[in-house]
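Protein chains in written order, with the UniProt record's numbering: chain W, 1 to 306; chain R, 1 to 418.
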């Protein structure tokens, strides 16, 4: 008993530095942000005076009535959905192909994973050049120029400068989604491939002997077994999509009429460009809650499994 | 043995000398000057200024604290953190006007420098209107080093001649010229507003065109109401002009847009006169390949973008900071920096022979015109208003909804200016 007590004390002592820093730098600052989001620090002067006048949820109320923030939320929703679906579809397809160990598969495996190792700022800048539309039809640039060389003028459009939207989906996001999917589908592929390599060959073999088609093998055997992996991938991808700040900032900015704006970009501009510290904190808290909405059910689920 | 002893003594003496020498340098101190001058032209200009400073004050070590990023977007955030955290530089670059007064003077972080200006006998050498922009309750707070004009318009002489278009004289003839060029298949007006402010800058020149300089200046001191119908008229004209910009404007930066003019693709470019420096970098000569004029409807007004330096209250080395301020306030300092940077001096007694034809003409206008502060570059209104107006104009370009934009303008004005 005594020894056990001593052991837990030792482990507490070893853990305490990280617990304390976590408490201060994560939870301390989160609560500070919550506090600021309920104050009226929306000019530099009020911020300097550190006036403690609480305005309750006014900042949140104003945010949700703002056209820009509403656009941001729709953009986040559509971006997240298409980003996750795109990464899963392409990633899983690649992993299935590579799992058959084609010739040179090892090279491709690394090739597909490679974009993930590059920072969003770098890829964003390059994608910006690629999707910069130029002036149609006289002077196309980037991918539009490629399309006209291929004789596919019909596929030319204004990419991320388009202001067209339907059902609140700004089609300019397509360009950003392509860039993001390109960068992160390799990640899904890697996770799925690791899982596939762990599946007993005999399972698939038995199904094949029983006459299962490839599609049946995938939907009835592989996908159910890989469900936890897929779920983890979705969680990681979802939170990447909420943090796509660097990609959007480097590639398109908030775009004409905010067609490619996301809350993180707005948060940066509100806080550091216009001195609206309380509005910026409110956006940060909304983002935090969105991440929470995704992560908490996942955590509960994995605790149950343990 | 003797040799060893000698070496020991020599080492000791040289260490001692080194220490004394170091100490003497430290005793004279240093001066840390914060700016975002890292780009072409600006950096060379700053280096020339530093050289001048070192000649005059060889005992002071100059610490060049720069933060890169266009128009100071990153530097301003870093500076705020330092000022708020009680770690100010000895002097820092800031746009004169609201960006200085509203952010740092009203919050009591700056030292007035009126006495210094009088002591050095330079107060009446500056354009008084520009000193006024950085004053608060009767005291001056910063020294303007350079002046740019935001209501400048540059045009491709060849394209205008080919299409028989005369340089416009007012807004009506301007819009006619744009329409004529449009029919000829030329991009009438080059715009690159991926960073939003270039569009806001066009709008501010139209505000001046419709309100007049006094009316426009009155927007910032309460003499002009934000529901003035001239503002609506400016929005209507802005919407008309936007029909004639390159369709990929939201994918381009201002440099890309200026380059369209240089590549004979676009005829006009409304941009601050730093575009003149950029056109020269691209190999053009003023008055040969390109001409210039104030944005139609705004002649007689000089919309000012000025970089100034002030003295923070808790500067670690205020005496050396004053030496720096004295350097940049001198006619020598201003004539060292500005020809390289491609801007004009804030003093009116500078040596005109050092400046190119465009800058000389700008210097003449600067001495005679009414000065107005720029919104897009921080001089007219608090930073909150600028970003809000950027958003309003950005949305307006897409929607074309004049009434909504007018309403938003009034709301922005009520939220951040009044």
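In this text, a Cβ means the ideal position worked out from N, Cα and C, and glycines have one as well.
In this text the structure is predicted, and so the values were computed from the model without any measurement.
Report task. Please name the residue in 152/R, 150/R, 182/R, 137/R whose C-alpha comes closest to that of residue 159/R. Result -> In the second chain, counting from the first residue as 1, residue 159/R sits at position 159. The residue with the shortest Cα to Cα distance from residue 159/R is 182/R.
Query raised in the report: Along the region 104-135 of chain W, what residues have a CB closer than 9 Å to any CB found in chain R?
Result: Close to chain R, meaning a Cβ-Cβ distance shorter than 9 Å, are the following residues of the region 104-135 of chain W: 128, 131, 132, 133, 134, 135.
Query raised in the report: Which stretch, first to last residue, makes up the beta strand (DSSP E) that contains residue 155/R?
Result: Locating residue 155/R in the second chain gives position 155, counting from the first residue. Counting along the chain, the beta strand (DSSP E) containing residue 155/R begins and ends at 152-156.
Requested in this report: Find the nearest neighbour of residue 332/R within the set 42/R, 122/R, 64/R, 312/R, judged by alpha-carbon distance.
Outcome: Position 332 of the second chain, counted from the first residue, corresponds to residue 332/R. Between residue 332/R and the set 42/R, 122/R, 64/R, 312/R, the nearest pair of CA atoms involves 122/R.
Query raised in the report: If we cut at 7 Å on Cβ distances, does residue 269/W have a partner in chain B?
Result: The chain labelled as chain B is not found among the protein chains of the depicted structure, namely W and R.
Requested in this report: Tell me, please, whether the region 178-198 of chain W touches the region 271-290 of chain W by the rule of three or more beta-carbon pairs shorter than 8 Å.
Outcome: The region 178-198 of chain W makes no contact with the region 271-290 of chain W; the number of CB pairs closer than 8 Å stays below 3.
Query raised in the report: Closer than 7 Å, CB to CB, is residue 250/W near chain R or not?
Result: Within the first chain, numbered from 1, the residue matching residue 250/W stands at position 250. For residue 250/W, the answer is no, since every Cβ of chain R falls outside 7 Å of its Cβ.
Query raised in the report: Along the region 268-290 of chain W, what residues have a CB closer than 8 Å to any CB found in chain R?
Result: Here the close residues are 269, 270, 272, 273, 274, 275, 276.
Report task. Count the other C-beta atoms from every protein chain shown that fall within 10 angstroms of the C-beta of residue 128/R, then say buried if there are 16 or more, exposed otherwise. Result -> One-based indexing of the second chain puts residue 128/R at position 128. By the 10 Å Cβ count, residue 128/R comes out exposed.
Report task. Tell me, please, whether the region 265-276 of chain W touches the region 130-145 of chain W by the rule of three or more beta-carbon pairs shorter than 8 Å. Result -> Segments in contact, no.
Query raised in the report: For the candidate residues 340/R, 357/R, 339/R, 335/R, whose alpha-carbon lies nearest to that of residue 350/R?
Result: Reading the second chain from its first residue, position 350 is the one you call residue 350/R. Residue 350/R has its Cα closest to that of 335/R, out of 340/R, 357/R, 339/R, 335/R.
Query raised in the report: Closest to residue 269/R by CA distance: which of 290/R, 108/R, 281/R is it?
Result: Residue numbering aside, residue 269/R sits at position 269 when the second chain is read from its first letter. Ranking 290/R, 108/R, 281/R by Cα distance to residue 269/R puts 290/R first.
Requested in this report: Please name the residue in 76/W, 198/W, 176/W whose C-alpha comes closest to that of residue 239/W.
Outcome: On the first chain, residue 239/W is found 239 positions in, with the first residue counted as 1. Selected option, being the one with the closest Cα: 76/W.
Query raised in the report: List, in order along the chain, the chain W residues whose C-beta lies closer than 7 Å to that of residue 106/R?
Result: By one-based count along the second chain, residue 106/R stands at place 106. Result: 45.
Query raised in the report: Is residue 257/W close to chain R, meaning its C-beta is less than 7 Å from at least one C-beta of that chain?
Result: Reading the first chain from its first residue, position 257 is the one you call residue 257/W. At least one C-beta of chain R is nearer than 7 Å to the C-beta of residue 257/W.
Query raised in the report: Cβ of residue 30/R within 7 Å of Cβ of residue 89/R?
Result: Taking the second chain and counting its residues from 1, one reaches residue 30/R at position 30. Taking the second chain and counting its residues from 1, one reaches residue 89/R at position 89. No, these two residues do not count as a Cβ contact at 7 Å.
**Report entry** Three-state secondary structure (DSSP) of residue 89/R
**Finding:** The residue you call residue 89/R lines up with position 89 of the second chain. Three-state DSSP puts residue 89/R in coil, outside helix and strand.
**Report entry** Integer Cβ distance of residue 204/R from residue 376/R, believed to fall under 8 Å
**Finding:** By one-based count along the second chain, residue 204/R stands at place 204. By one-based count along the second chain, residue 376/R stands at place 376. The pair is a contact, with the Cβ atoms about 6 Å apart (cut-off 8 Å).
**Report entry** Integer-rounded CB distance, given that residue 187/R should sit under 8 Å from residue 266/R
**Finding:** On the second chain, residue 266/R is found 266 positions in, with the first residue counted as 1. On the second chain, residue 187/R is found 187 positions in, with the first residue counted as 1. With 8 Å as the limit, residue 266/R and residue 187/R qualify as a contact, their Cβ atoms being about 4 Å apart.
Query raised in the report: Does the beta carbon of residue 330/R sit closer than 7 Å to a beta carbon anywhere in chain W?
Result: Working through the second chain from its first residue, we reach residue 330/R at position 330. It does not; no Cβ of chain W falls within 7 Å.
Query raised in the report: CB-CB under 7 Å to residue 203/W, same chain, minus the five flanking residues each way: which ones, in chain order?
Result: To locate residue 203/W, count along the first chain from 1; it is residue 203. Cβ within range, chain order: 221.
Query raised in the report: Per the contact definition of three or more C-beta pairs closer than 8 Å, is the region 168-184 of chain R in contact with the region 307-323 of chain R?
Result: Contact between the region 307-323 of chain R and the region 168-184 of chain R is absent: fewer than 3 CB-CB pairs across the two stretches fall below 8 Å.
Query raised in the report: If you run the structure through DSSP and keep just helix, strand and coil, what is residue 108/W?
Result: For the purposes of this step, residue 108/W is taken as the residue at position 108 of the first chain. Of the three classes helix, strand and coil, the one that applies to residue 108/W here is helix, per DSSP.
Query raised in the report: When the Cα atoms are used, what is the spatial distance from residue 286/R to residue 358/R?
Result: What you label residue 286/R is simply residue 286 of the second chain in a count that begins at 1. What you label residue 358/R is simply residue 358 of the second chain in a count that begins at 1. The alpha-carbon atoms of residue 286/R and residue 358/R are separated by roughly 6 Å.
Query raised in the report: Could you give the distance in angstroms between the alpha-carbon of residue 333/W and the alpha-carbon of residue 271/W?
Result: The first residue shown for chain W is 1 and the last is 306, placing residue 333/W beyond what the model contains.
Query raised in the report: When the Cα atoms are used, what is the spatial distance from residue 149/W to residue 155/W?
Result: Taking the first residue of the first chain as 1, we reach residue 149/W at position 149. Taking the first residue of the first chain as 1, we reach residue 155/W at position 155. Whole-angstrom Cα-Cα distance: 12 Å.
Query raised in the report: In this structure, what does DSSP give as the bridge partners for residue 127/W?
Result: By one-based count along the first chain, residue 127/W stands at place 127. BP columns for residue 127/W are empty, so no partner.
Query - Members of the region 392-416 of chain R that neighbour chain W once the beta carbon cut-off is set at 8 Å - result: Residues of the region 392-416 of chain R with a Cβ closer than 8 Å to any Cβ of chain W, in chain order: 394, 395, 397, 398, 399, 416.
Query - For residue 245/W and residue 90/W, the rounded distance between their alpha carbons - result: The residue you call residue 90/W lines up with position 90 of the first chain. The residue you call residue 245/W lines up with position 245 of the first chain. Between the C-alpha atoms of residue 90/W and residue 245/W there is a straight-line separation of about 23 Å.
Query raised in the report: Nearest-angstrom Cα distance between residue 231/W and residue 212/W?
Result: As a working mapping, residue 231/W is identified with position 231 in the first chain. As a working mapping, residue 212/W is identified with position 212 in the first chain. The straight-line gap from Cα to Cα measures roughly 26 Å.
Query raised in the report: How close, in whole Å, do the beta carbons of residue 245/R and residue 189/R come, if the pair is a contact with beta carbons under 8 Å?
Result: For the purposes of this step, residue 245/R is taken as residue 245 along the second chain, with counting starting at 1. For the purposes of this step, residue 189/R is taken as residue 189 along the second chain, with counting starting at 1. Residue 245/R to residue 189/R, Cβ: 5 Å. Contact.
Requested in this report: Apply the 10 Å Cβ neighbour rule to residue 97/R and answer buried if 16 or more other Cβ atoms are within range, or exposed otherwise.
Outcome: Counting from one through the second chain, the residue named residue 97/R turns up at place 97. With 16 or more other Cβ atoms from the protein chains shown falling within 10 Å of its own Cβ, residue 97/R counts as buried.
Report task. Could you please tell me which residues of the region 254-265 of chain R, in chain order, have their CB closer than 8 Å to any CB of chain W? Result -> Listed by position along the chain: 265.
Requested in this report: Please determine, among 110/R, 382/R, 215/R, the residue with the shortest C-alpha to C-alpha distance to residue 370/R.
Outcome: Walking along the second chain from the start, residue 370/R turns up at place 370. Closest option to residue 370/R, judged by alpha-carbon separation, among 110/R, 382/R, 215/R: 215/R.
Query raised in the report: To which residues does DSSP link residue 94/R through a beta bridge?
Result: Stepping through the second chain from its first residue, residue 94/R is reached at position 94. Paired residues: 308/R.
Query raised in the report: Terminal residues of the continuous beta strand (DSSP E) containing residue 189/R?
Result: In the second chain, residue 189/R corresponds to position 189, counting from 1. Run containing residue 189/R: 187-190, per the beta strand (DSSP E) assignment.
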